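Inspection log for the structure reproduced underneath, given as structure tokens.
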Amino acid sequence: MQTRRNEISRHPLVIRGYVGGRFTDASPTEEIAVIDPATEQRVATLYESSAEEVDRAVIAARTAFDRGPWGRATVAERQKALLAIHDAILAHAEELAFLETINTGIPLSQTRNVHIPRAAYNFRFFAEYINQAGGEVFTQEPGLMSLVTYEPIGVCALIGPWNMPLGLTAMKIAGALAFGNACVVKPSELTPLTVTRLFEIIEGILPEGVMNLVNGRGPVTGTALVSHPGIDMVSFTGGTVTGSAILASLAKGIKGSAMELGGKSANIVFADADFDQALDAALMSSFMNNGQMCLAGSRIFIERKIAERFIDAFSRRVGALKIGDPLQEGTEIGPMINSAQRERMARYAESGLSEGATLLCGGHRFSGLATGYYFEPTAMLAPSNDVAICREEIFGPFAAIQVFDEEDEVIAKANESDFGLVGYVWTQDLQRSMRAASALRTGTVLVNTPIIRDLRTGFGGYKQSGLGREGAKGSQAMFTEMKTTIIARAPRTLPRMGAGA
Ligand code: NAD
9 MQTRRNEISR HPLVIRGYVG GRFTDASPTE EIAVIDPATE QRVATLYESS AEEVDRAVIA
69 ARTAFDRGPW GRATVAERQK ALLAIHDAIL AHAEELAFLE TINTGIPLSQ TRNVHIPRAA
129 YNFRFFAEYI NQAGGEVFTQ EPGLMSLVTY EPIGVCALIG PWNMPLGLTA MKIAGALAFG
189 NACVVKPSEL TPLTVTRLFE IIEGILPEGV MNLVNGRGPV TGTALVSHPG IDMVSFTGGT
249 VTGSAILASL AKGIKGSAME LGGKSANIVF ADADFDQALD AALMSSFMNN GQMCLAGSRI
309 FIERKIAERF IDAFSRRVGA LKIGDPLQEG TEIGPMINSA QRERMARYAE SGLSEGATLL
369 CGGHRFSGLA TGYYFEPTAM LAPSNDVAIC REEIFGPFAA IQVFDEEDEV IAKANESDFG
429 LVGYVWTQDL QRSMRAASAL RTGTVLVNTP IIRDLRTGFG GYKQSGLGRE GAKGSQAMFT
489 EMKTTIIARA PRTLPRMGAG A
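Residues in the sequence shown are numbered consecutively from 9, following our numbering.
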């Protein structure tokens, strides 16, 4: 793998758009370096899609949807294509995991065991789901039959983030295609490698123009895409500020959207919890994926009776996390995505100290490696829920711990947040877990389990964590228009207007 990495840094890959069934060859208006965050070397040159290329991609999708075979494809035909994409991903799993790791800095063990299998599973899940998903029929009104059916929405703009590039973007692509749409995909300009490779390995599976790719920065390519009159909806995963800007742009055209945004999820550990499980899970929820997870449970609340023991054990384990080259076996924490993200970690560590938090471990740029955007996994004990480290999404290996005494108090604090993505609860008391689950203002509550996404259920956020849900029915709502058809089953008794007395 090191050999392959060296080769790529000597001959960086070229990232181009994919429009109407082929990679584009237009001369680039802008070239952007795509960097391996562990080596700080260029691994690819991204040719940014201009507004003109975006226009061509949307027209290709529009044409494929309005006039091509995909909009009329049977469920069996769509299933066949989705399963072929699933198989293609698995057939290239090792290569995709490698590309994801050299592009994101996320340890290979995680891209190999979580990201890539999940990307493939998304396609299988939706292939199976559409065989069962249907509409509704109402016959309560005598003489009438009311049918509710779900039709493809049209052309979907699918915009992904950099923290799980293929896994999260594949979720959108699989959902959009399953329900019969065409799409234009825009991965993050920081992490385009695996999504581009996906387009290569599925060549020939879909009719041309059904799936298109544009690459580039948000204010250039992203803005051109979301403001294009030819798209019917935007499914976006990314930051809350970006989501809000996209929503403002969509308002002009009254376009639909689904927004999977940021989080600051509370992880509540009651004294009766299974201590070892809660500890393992707190580490995982804060430091998996280099801590760069929307559903990170890194705002940790510990009940006072076990606080000292828990904080000691947690700090020791954080201090022992293995930082290193993400391609290397055994690495638990790789580099941050870029130097800006590393500086952001440092700023939060400083802001924590200036607002009265205690540094338990980490807090500095990692100096053990000559290259790479590494930051020490960090834990701080916060003086209150009001400080920035407990309020703002940090998006890195950074846990903020608070101590609590009462159930009502901790639920209120957990809900004191602009976000509402996930709530984690650790307790052996069934009734308390049920009370907490209903009191937490979050799209998902996880009881006695760390991060898990079950595609049969909806995933999404309350408050500023988003709009809409991804997963089975949620994706159906996102990627379809609901149509009502009402049919008279017998002649109706109608007022005879204008027919005289
Ligand atoms: P980001 O908002 O900076 O970028 C996301 C995508 O939007 C990128 O492709 C970017 O190029 C594009 N973009 C930026 N400005 C745009 C604009 N004006 N118009 C159109 N597109 C634009 O987010 P990020 O830094 O890539 O990802 C991190 C964020 O994503 C975090 O806040 C994280 O919580 C969130 N996230 C949420 C979920 C979820 O399911 N809720 C999952 C993963 C990440």
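We put the CB at the ideal spot given by N, CA and C, even for glycine. All values reported here derive from a predicted model rather than from experimental measurement.
### Contact under 7 Å by Cβ, VAL430 with THR457
Within the sequence shown, residue 430 is the residue found at index 422, counting from 1. Within the sequence shown, residue 457 is the residue found at index 449, counting from 1. No. Outside cutoff.
### Query
Is the number of C-beta pairs between the region 29-49 and the region 373-393 that are closer than 8 Å three or more?
yes
### Task
Give the C-beta separation of GLY247 and GLY270 to the nearest angstrom, bearing in mind that I take them to be a contact with Cβ-Cβ under 8 Å.
On the sequence shown, residue 247 is found 239 positions in, with the first residue counted as 1. On the sequence shown, residue 270 is found 262 positions in, with the first residue counted as 1. Yes, GLY247 and GLY270 are in contact; Cβ-Cβ is about 6 Å, under 8 Å.
### Task
Classify GLU56 as buried or exposed, calling it buried when 16 or more other Cβ atoms lie within 10 Å of its own Cβ.
For the purposes of this step, residue 56 is identified with residue 48 of the sequence shown, where counting begins at 1. GLU56 should be labelled buried.
### Query
Can you name the residues that DSSP bridges to ASP44?
Here residue 44 refers to the residue found at position 36 when the sequence shown is read from its first residue. Bridge partners of ASP44: GLN49.
### Message
Based on DSSP bridge pairs, tell me the residues matched to TYR55.
### Response
The residue you call residue 55 lines up with position 47 of the sequence shown. TYR55 pairs with GLU39.
### Message
One question on the structure: do GLY370 and GLU384 come within less than 7 Å of each other, judged by their Cβ atoms?
### Response
For this step, residue 370 is matched to residue 362 along the sequence shown. For this step, residue 384 is matched to residue 376 along the sequence shown. For GLY370 and GLU384, yes; Cβs fall inside 7 Å.
### Task
For THR339, count neighbouring Cβ atoms within 10 angstroms of its own Cβ and tell me buried if that reaches 16, exposed if not.
Taking the first residue of the sequence shown as 1, we reach residue 339 at position 331. THR339 comes out buried.
### Message
Between which residues of its own chain and MET490 is the CB-CB distance below 7 Å, once the five residues before and five after are set aside?
### Response
On the sequence shown, residue 490 is found 482 positions in, with the first residue counted as 1. Here the set comprises VAL156 and TYR158.
#### Entry: Start and end residues, beta strand (DSSP E) containing VAL1
Given a span of 9 to 509 for the chain in the structure shown, any question on residue 1 remains unanswerable.
### Query
Can you tell me the Cα-Cα spacing of ALA387 and CYS191, whole angstroms?
The sequence position of residue 387 within the sequence shown is 379, counting from 1. The sequence position of residue 191 within the sequence shown is 183, counting from 1. Taking the straight line joining both Cα atoms gives about 41 Å.
### Query
Per DSSP, what kind of secondary structure is LEU377 in: helix, strand or coil?
Position 369 of the sequence shown holds residue 377. In this structure, LEU377 counts as coil in the three-state DSSP scheme.
### CB-CB length for GLY151 against ARG504, believed under 8 Å
Numbered from its first residue, the sequence shown carries residue 151 at position 143. Numbered from its first residue, the sequence shown carries residue 504 at position 496. With a Cβ gap of about 18 Å, GLY151 and ARG504 do not count as contacting.
### Query
Around the C-beta of LYS272, are 16 or more other C-beta atoms found within 10 angstroms, so that it is buried, or is it exposed?
Within the sequence shown, residue 272 is the residue found at index 264, counting from 1. With 16 or more other Cβ atoms within 10 Å, it is buried.
### Message
Taking the straight line between their C-alpha atoms, what separation do you get for LEU174 and PRO36?
### Response
Taking the sequence shown and counting its residues from 1, one reaches residue 174 at position 166. Taking the sequence shown and counting its residues from 1, one reaches residue 36 at position 28. Going from the Cα of LEU174 to the Cα of PRO36 covers about 24 Å.
### Query
Residues in its own chain within less than 7 Å of GLU197 by CB, not counting five upstream and five downstream?
Locating residue 197 in the sequence shown gives position 189, where the first residue counts as 1. Once the five neighbours on either side are set aside, the close Cβ partners of GLU197 are ILE40, LEU54, ASN223, GLY224 and ARG225.
### Task
Indicate, with yes or no, if the ligand NAD has a heavy atom lying under 6 Å from the CB of VAL234.
Position 226 of the sequence shown, counting from 1, holds the residue named residue 234. Yes, the ligand NAD has a heavy atom inside 6 Å of this Cβ.
### Message
Taking 6 Å as the cut-off, is the C-beta of SER196 nearer than that to any heavy atom in the ligand NAD?
### Response
Position 188 of the sequence shown, counted from the start, is the residue given in the question as residue 196. Yes, the beta carbon of SER196 sits closer than 6 Å to at least one heavy atom of the ligand NAD.
### Message
Short of 8 Å in beta carbon distance, which residues of its chain neighbour SER323, apart from the five on each side in sequence? Order them along the chain.
### Response
Taking the sequence shown and counting its residues from 1, one reaches residue 323 at position 315. If we look at SER323 and ignore the five residues flanking it on each side, its Cβ neighbours are LEU368, CYS369 and ALA387.
#### Entry: Continuous alpha helix (DSSP H) stretch holding GLU144: start and end
Working through the sequence shown from its first residue, we reach residue 144 at position 136. Per DSSP, GLU144 belongs to no alpha helix (DSSP H); it is in the beta strand (DSSP E), 144-146.
### Message
Strictly by DSSP, which residues pair up with GLU489?
### Response
Sequence index remark: in the sequence shown, residue 489 carries index 481 (1-based). GLU159.
### Query
Are the region 132-145 and the region 436-443 touching, with three or more C-beta to C-beta distances below 8 Å?
no
### Query
Does DSSP put LEU21 in a helix, in a strand, or in coil?
Locating residue 21 in the sequence shown gives position 13, where the first residue counts as 1. It is a strand residue.
### Presumed contact (8 Å Cβ cut-off) between VAL277 and PHE318, rounded CB distance
Residue mapping note: residue 277 aligns to position 269 of the sequence shown, counting from 1. Residue mapping note: residue 318 aligns to position 310 of the sequence shown, counting from 1. Their Cβ separation, rounded to whole angstroms, is 7 Å, which keeps VAL277 and PHE318 in contact under 8 Å.
### Query
Does the ligand NAD have even one heavy atom less than 6 Å from the beta-carbon of ALA253?
Taking the sequence shown and counting its residues from 1, the one referred to as residue 253 is at position 245. For the ligand NAD, at least one heavy atom lies less than 6 Å from the Cβ of ALA253.
### Task
Alpha carbon to alpha carbon, how far is ALA498 from ALA507? Give it in angstroms, no decimals.
Working through the sequence shown from its first residue, we reach residue 507 at position 499. Working through the sequence shown from its first residue, we reach residue 498 at position 490. One C-alpha to the other measures close to 22 Å.
### Task
Using a threshold of 7 Å, state whether the C-beta atoms of MET267 and GLY474 are closer than that.
Mapped onto the sequence shown, residue 267 falls at position 259. Mapped onto the sequence shown, residue 474 falls at position 466. Yes.
### Message
On a Cα-Cα basis, can you pick out the residue from PRO215, HIS123 and VAL62 that is closest to GLY79?
### Response
In the sequence shown, counting from the first residue as 1, residue 79 sits at position 71. If we check each option's Cα against that of GLY79, PRO215 comes out closest.
### Query
Does the count of Cβ pairs from the region 461-468 and the region 420-427 closer than 8 Å reach three?
no
#### Entry: Collapsed DSSP secondary structure at GLN300 in the structure displayed
Counting from one through the sequence shown, the residue named residue 300 turns up at place 292. Reduced to three states, the DSSP call for GLN300 is coil.
### Task
Run the CB neighbour count on SER483, radius 10 Å, all protein chains shown included, and call it buried at 16 or more, exposed below.
Numbered from 1 along the sequence shown, position 475 holds the residue referred to as residue 483. Flag for SER483 reads buried.
### Task
Would you kindly work out how many angstroms separate the C-alpha atoms of ALA182 and GLU401, rounded to a whole number?
Translated into the one-based positions of the sequence shown, residue 182 becomes position 174. Translated into the one-based positions of the sequence shown, residue 401 becomes position 393. Roughly 28 Å between the two C-alpha positions.
### Task
Taking LEU185 and LEU90 to be in contact with their CB atoms under 8 Å, please state how far apart those CB atoms are, rounded to whole angstroms.
One-based indexing of the sequence shown puts residue 185 at position 177. One-based indexing of the sequence shown puts residue 90 at position 82. Confirmed, Cβ separation roughly 6 Å.
### Message
For VAL326, which residues in the same chain have their Cβ closer than 6 Å to its Cβ, ignoring the five residues on either side in sequence?
### Response
Start at 1 with the first residue of the sequence shown, and residue 326 comes out as number 318. Contacts found: CYS369, PRO385 and ALA387.
### Task
Please report how far the alpha carbon of PRO77 lies from the alpha carbon of SER265, in whole angstroms.
The residue you call residue 77 lines up with position 69 of the sequence shown. The residue you call residue 265 lines up with position 257 of the sequence shown. Cα to Cα, PRO77 sits roughly 25 Å from SER265.
### Task
Assign GLY332 to one of two classes, buried (16 or more other C-beta atoms within 10 Å of its C-beta) or exposed (fewer than that).
The residue given as residue 332 occupies position 324 in the sequence shown. Looking at its Cβ environment, which holds 16 or more other Cβ atoms inside 10 Å, GLY332 is buried.
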